[in-house]
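Residue numbers (my numbering): 37 to 136.
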């Protein structure tokens, strides 16, 4: 009988966690879209001669206060800790687009 109570509490906790995640991510999307632009992500393949700086110059937009902020987000998203990239690796990069 006690085991059923523990399982019930665990299921409740998981459901509560999932609902919280949905609510938080949903509200974040609204905040990003308040000026008519929405953050999205795409994947690019690093080419020979590319650097984080050159990728940032090509893809960042006015939503980022500085190129360093954009590079930091790219590094965080891709779990890059030394800011080194190599040709043929793939990166997930953020970009903003107009909301229709």
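Glycine included, C-beta positions come from ideal geometry on N, C-alpha and C. No experiment lies behind these values; they were computed from the predicted model shown.
Query                                                                                                             : Result
Coil, strand or helix - residue 133 by DSSP                                                                       : strand
For residue 75, the first and last residue of its enclosing beta strand (DSSP E)                                  : 73-81
C-alpha gap between residue 126 and residue 76, whole angstroms                                                   : 16 Å
For residue 41, the three-state DSSP class (helix, strand or coil)                                                : helix
Residue 106 in three-state terms, based on DSSP                                                                   : helix
Close beta carbons around residue 87, own chain, < 8 Å, minus the five adjacent residues each side                : 121
Outcome for residue 49 when other beta-carbon atoms lying within 10 angstroms are tallied against a minimum of 16 : exposed
Cα-Cα separation between residue 91 and residue 46, rounded to whole angstroms                                    : 44 Å
Residues that residue 126 bridges to, as DSSP identifies them                                                     : 81
CA nearest to the CA of residue 89, picked from 78, 106 and 38                                                    : 106
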